[in-house]
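Some notes on the structure that comes next.
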Amino acid sequence: MSSPSNARPTSANRSGPRVALWVVIVLTLALLVWMTVFTAQRNPYLSDVGRNKISRSDFIEQCKTKFDEFAATVGKSQNAVFDTEYDPRSLVSGAVSNPQAPGWLLSSQVSVSRAGLGSQSVPFACQSDASGAVTLVQGAQGGPGQPQQP
-4 MSSPSNARPT
6 SANRSGPRVA
16 LWVVIVLTLA
26 LLVWMTVFTA
36 QRNPYLSDVG
46 RNKISRSDFI
56 EQCKTKFDEF
66 AATVGKSQNA
76 VFDTEYDPRS
86 LVSGAVSNPQ
96 APGWLLSSQV
106 SVSRAGLGSQ
116 SVPFACQSDA
126 SGAVTLVQGA
136 QGGPGQPQQP
């Protein structure tokens, strides 16, 4: 007598889960490819390095460094230390390709605070030229801790 526990399932019984597994794998890969393409097309740091000579993210970081250096210089003249806080969303949306010449333009706000005092929002702007050099073009008029010119 043969035991029913020794009976092997037929291939027809096992093919259903395998097909479902392959369908799930293919759908997962298709979703990952679609998300990669979707994200790459809407990348906020997308750069035209060939035209602007510097990537957008490098430009933003160099602008922040230039303003921090400016705030430190002003702070030394006032015997104070200024802390700066940038809004990342404002930086990314404020950095645009210059339509007139190769380079980037950035116009944003930075919160500047001094120990013991509240913070104030200060506008600043940077630009890069055709060689990729970044300069601070606004912020030096009134500086942190000084009244801003309208």
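Just so you know, the working numbering puts 113 at position 118 of the sequence shown, and the rest follows in order with no gaps. For each residue, glycine too, the CB sits at the ideal point set by N, CA and C.
How would you label Phe54, buried or exposed, when you count the other beta carbons within 10 angstroms and need 16 or more for buried?
Under this definition Phe54 is a buried residue.
Figure out for me which residue from Ala90, Gly113 and Leu26 has the closest Cα to the Cα of Cys121.
Out of Ala90, Gly113 and Leu26, Ala90 has the C-alpha closest to the C-alpha of Cys121.
Do the stretch 65 to 82 and the stretch 92 to 109 make contact, defined as three or more Cβ pairs closer than 8 angstroms?
Result yes; three or more Cβ-Cβ pairs closer than 8 angstroms.
Counting along the chain, where does the alpha helix (DSSP H) carrying Leu86 start and finish?
Unbroken alpha helix (DSSP H) run through Leu86: Pro83 to Gly89.
Suppose the cutoff is 8 angstroms on Cβ atoms and the five residues either side in sequence are ignored; what does the same chain contact list for Gln219 look like?
As displayed, the chain neither begins before -4 nor continues past 145, which places residue 219 out of reach and without an answer.
Can you give the Cα-Cα distance for Val19 and Pro12, rounded to whole angstroms?
Straight-line Cα distance between these residues: approximately 10 angstroms.
Which residue or residues does DSSP assign as beta-bridge partners of Trp99?
Partner(s): Ser92.
Work out the CA separation of Thr60 and Ser126 for me, nearest whole Å.
Between Ser126 and Thr60, the C-alpha separation is close to 18 angstroms.
Near Phe62, which residues of its chain fall below 8 angstroms by C-beta distance, leaving aside the five closest residues on each side in sequence?
Here the set comprises Thr79, Val105, Phe119, Cys121, Leu131 and Gly134.
Run the CB neighbour count on Leu101, radius 10 Å, all protein chains shown included, and call it buried at 16 or more, exposed below.
Answer is buried; the Cβ neighbour count reaches 16.
Look at the alpha carbon of Ala128 and the alpha carbon of Ala96, and state the distance between them as a whole number of angstroms.
Whole-angstrom Cα-Cα distance: 13 angstroms.
Pull up the distance between the alpha-carbon of Val28 and that of Trp17, whole angstroms please.
If you take the alpha carbons of Val28 and Trp17, they lie about 17 angstroms apart.
So, for Val14: in the same chain, excluding its five sequence neighbours on each side, which residues have a beta-carbon less than 7 angstroms away from its beta-carbon?
Closer than 7 angstroms at Cβ, skipping near neighbours: no residue.
Apart from the five residues on each side of it in sequence, which residues of its chain come closer than 7 angstroms, Cβ to Cβ, to Glu56?
Excluding residues within five positions, none has a Cβ falling inside 7 angstroms.
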